[in-house]
Amino acid sequence: MNIKDKMRARLKLSRPSLRAEARPPGQRSVCGSQFSAANLPGALQLQHCTDCGHIQYPPAELCGACLGHTLIYRNTACEGTLLAQSQLHHSLWEYFKRRISEAPWPVATVRLNAGPVVIAHLVGRDFNAGDAVQVFSHSDASRSVVLLAVSASANIETPQLRQDIVAAIGLDQPAERQHGI
Amino acid sequence: MKDYSGVVLTAPISLGYARQSPHGAAWFVGSVLREMIRAAGINKVDIDGFSVSSFSLGVDSAVALTQHFGLCVRWLEQANVGGVSGILAMRRAARAVQCGEAEIVACIGGDGAAHRSFEHTAAHFSNWSTDAAFPYGAAGPNGPFSLITAHYMERYQAQREDFARICLDQRYNANHFPGALLGHKKLSLSDYLNARPIAGPLHLFDCVMPCAGGEGFLVMSEERARQLKLPAVKILAADECHNAHADDPIQDRGGWTRYIHDLYNSAAVGPEEVDFLQTYDDYPVISMLQMEDLGFCSKGNAPEFVGRTDMRFDQSGPGMHKLPHNTSGGQLSCGQAGAAAGFLGVTESLRQLTGQSQKNQVPNARVGLVSGYGMVNYDRGVCTAAAMLQGVDR
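Those protein sequences? They're chains A and B, same order as listed.
Start counting the first sequence at 639; every next residue gets the next number (this note's numbering).
Start counting the second sequence at 38; every next residue gets the next number (this note's numbering).
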């Protein structure tokens, strides 16, 4: 194989679309990684400011209200209201491209009763703006924590129940290439 | 606020639009610089101020470009604020000229479009975006904007046909502007409505096409422009406001509301007197927010407003109310060339107000309003800016 063909083969192999397994985006900032670590034990942990009590998301190094630096991850109520939802038919990331080839991927904006507005994977399709929902955190197939929004009636009491919801939408497994390499 | 008297904008350049390009951002910035020097009939040494906006310069900064281009400047700025970078650069440069810190400032936005570079930009746009928006479907800006659009449609009963009004009239304008990447294609209502779905209510023609390109203009004193016999435009008023209405749970207004009345007062021109409007049209709903917040109609009435308004440059549409809007086709038809997209409305305004537009000239354009919006740090565009511009009588 000459150099040109070798380079072409290498370029081809570096394409995400040719990989056997594709995973959700795993890149996070330092604060994002801390969010992942803090959320492994419970249903939902958000940053609480010990100075002013402000609860914030996305995670940051300082409190967005008082600029205090003593932020602690604490258990936060999962309840919220769905503000808007959207079915994604197009993605820039191979994992979602493969999932979307089977069905559009639903996401939503949710205002938590605790205050912050979050973007989350939406589990289920029968939602309207204004519906009561619950938001919980779970690690995905990239071992990064993401948020999921489910209906207010869903049972998310135990880690196993939450794991089952994540497994049902395939978020805990890589998306496999259909026809081999 | 002190006015911008004595300062003008001149030598608008738009070049190099391409879907993909082997060239880097520096190529586009430098090429715009070369063309504006040629257009103004000056020498490179006459430029003593330099403002650059780009997403894809990588480790190079504005100062690296001065060495690349052999520029010696006493005023330097890098304004990486996406959709407001053109108006921001204009405001900063105008003050520099007014205060004597620089005589001629080159304001340039440019970005390349290498294979898969848009994916990289979207995945690493900001920390909050990387942590809390991109993991949810990795749709890039389409994700947050599909949610903003869905919310707007629900709250104000907007229909896809209303968004089509903006896209179709812009495409008509682009059909008369040779620089527009999609200008060779016509767009009909059925093309628009039957386009493939992208994200929620957004379909193909609601989304801009990422591309490469460069835009720029020169800022200098009115007297210098007259000596050089350059057609020029003055700033009647301009303002900006960032992260306004942060407590709105989902965006349906922007910072324009904070200053637009002052802006019209300082300019002594109202929205009904402008000859054209250039909005930042990354998605049609965002143009609607601007029409509302800039006072062309009340909040929630943009669907009705665009329904009765003819937004073509030549006023050839059926709408009784006339308002030429995004007269070069905007980003929706020209393509979104990274940070250059924040300059597109400004350079198009300069061409219109100096009679340098070719086939898409708005007849007797004297005063125009240009607006900027940008930087989806997490769930919404944070930056806003607006400027009222007027052609200088020659």
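Where a beta carbon is used, it is the ideal one built from N, C-alpha and C, also for glycine.
**Study point:** Distance CB(residue 384/B)-CB(residue 270/B) smaller than 8 Å
**Key:** no
**Study point:** Beta-carbon separation (whole angstroms), residue 320/B vs residue 186/B, contact threshold 8 Å
**Key:** 6 Å
Exercise for review: Within its chain, find whatever has a CB closer than 6 Å to the CB of residue 51/B; leave out the 5 residues flanking it on each side and keep chain order.
Suggested key: 216, 252, 384
Practice item. Using a Cβ cut-off of 9 Å, pull out every chain B residue sitting near residue 646/A, in sequence order please. Key: In chain order: nothing, as chain B lies at least about 13 Å away.
Point to revise | Inter-stretch contact at 8 Å, needing at least 3 Cβ pairs: the region 279-286 of chain B / the region 73-80 of chain B | key: no
Check your understanding: Contact between the region 81-101 of chain B and the region 137-153 of chain B: three or more CB pairs below 8 Å?
Key -> yes
**Study point:** Extent of the continuous beta strand (DSSP E) to which residue 403/B belongs
**Key:** Unbroken run through residue 403/B: none, as it is neither H nor E.
Practice item. Inspect the CB distances between the region 228-245 of chain B and the region 801-817 of chain A and report whether three or more fall short of 8 Å. Key: no
Practice item. Kindly say whether residue 193/B, judged by its beta-carbon, lies nearer than 8 Å to any beta-carbon of chain A. Key: no
Review point. Name the chain B residues that come within less than 7 Å of residue 734/A, Cβ to Cβ?
Key: 174, 175
Review point. Just how far apart, CA to CA, sit residue 751/A and residue 113/B?
Key: Each residue's CA atom was taken as its position, placing residue 751/A and residue 113/B some 46 Å apart.
Point to revise | Delimiting residues of the beta strand (DSSP E) encompassing residue 70/B | key: Not the beta strand (DSSP E): residue 70/B falls in the alpha helix (DSSP H), residues 62-77.
Point to revise | Span separating the alpha-carbon of residue 485/B from that of residue 245/B | key: Nothing can be reported for residue 485/B, as the shown portion of chain B is limited to 38 through 431.
Exercise for review: Can you check DSSP and say which residues form a bridge with residue 712/A?
Suggested key: 684/A
Exercise for review: For residue 713/A, I'd like the list of residues in its chain whose CB is within less than 8 Å of its CB, leaving aside the five on either flank, ordered along the chain.
Suggested key: 680, 681, 682, 683
Review point. Once you ignore the five residues that flank residue 310/B on each side, which residues in its own chain have a CB closer than 8 Å to its CB?
Key: 404
Review point. Whose CA, out of 739/A, 796/A, 671/A, 781/A, lies closest to the CA of residue 661/A?
Key: The candidate whose alpha carbon is nearest that of residue 661/A is 781/A.
**Study point:** Pairwise C-alpha distance: residue 688/A and residue 709/A
**Key:** Going by the C-alpha atoms only, they are around 6 Å apart.
Check your understanding: Do you know how far the Cα of residue 748/A is from the Cα of residue 719/A?
Key -> 6 Å
**Study point:** Runs of beta strand (DSSP E) wholly within the region 119-172 of chain B (minimum 3 residues, chain order)
**Key:** Correct list: 141-148.
Check your understanding: Name the chain B residues that come within less than 8 Å of residue 800/A, Cβ to Cβ?
Key -> By Cβ distance, chain B contributes nothing, its closest Cβ being about 17 Å from residue 800/A, past 8 Å.
Practice item. Starting from residue 663/A, trace the alpha helix (DSSP H) both ways and give me its first and last residue. Key: No alpha helix (DSSP H) contains residue 663/A, which DSSP labels as neither H nor E.
Point to revise | Same chain, Cβ closer than 8 Å to residue 120/B, neighbours up to 5 away in sequence not counted | key: Cβ neighbours of residue 120/B within its own chain (closer than 8 Å, five residues either side excluded): 317, 319, 378, 379, 409, 410, 411, 412, 418, 420.
Point to revise | Contact list for residue 747/A against chain B, beta-carbon separation under 8 Å | key: 184, 188, 286, 287, 416
**Study point:** Chain-ordered chain A contacts of residue 323/B [CB-CB under 7 Å]
**Key:** Those do not exist, as residue 323/B stays about 15 Å from chain A at its closest Cβ, beyond 7 Å.
Exercise for review: Per DSSP, which residues does residue 112/B bridge with? Please list them.
Suggested key: 86/B
Practice item. Give the residues from the region 658-676 of chain A that approach chain B closer than 8 Å (Cβ to any Cβ), ordered along the chain. Key: Residues passing the 8 Å Cβ filter: 662, 663, 665, 666, 667, 669, 670, 673.
Exercise for review: Below 8 Å on the Cβ atoms is my guess for residue 772/A versus residue 716/A; work out the distance and round it to an integer in Å.
Suggested key: Their Cβ separation, rounded to whole angstroms, is 4 Å, which keeps residue 772/A and residue 716/A in contact under 8 Å.
**Study point:** Contacts that residue 259/B makes with chain A (C-beta to C-beta distance below 7 Å)
**Key:** Ordered by position in chain A, no residue passes the 7 Å Cβ test against residue 259/B, which lies about 43 Å from the chain.
Check your understanding: In the structure shown, what three-state DSSP assignment does residue 742/A receive?
Key -> coil
Practice item. Using a threshold of 8 Å, state whether the C-beta atoms of residue 757/A and residue 48/B are closer than that. Key: No, the Cβ-Cβ distance between residue 757/A and residue 48/B is not below 8 Å.
Exercise for review: Name, in chain order, the residues that DSSP records as bridge partners for residue 13/B.
Suggested key: Nothing can be reported for residue 13/B, as the shown portion of chain B is limited to 38 through 431.
Point to revise | Spatial distance of residue 733/A from residue 813/A (CA atoms) | key: 6 Å
Point to revise | Separation of residue 741/A from residue 815/A, as counted between CA atoms | key: 16 Å
Review point. In chain order, what residues of the region 757-769 of chain A put their CB closer than 8 Å to some CB of chain B?
Key: Identification of residues in the region 757-769 of chain A having a C-beta nearer than 8 Å to some C-beta of chain B yields 757, 758, 759, 767, given in sequence order.
Review point. Which stretch, first to last residue, makes up the beta strand (DSSP E) that contains residue 774/A?
Key: For residue 774/A, the enclosing beta strand (DSSP E) covers residues 770-777.
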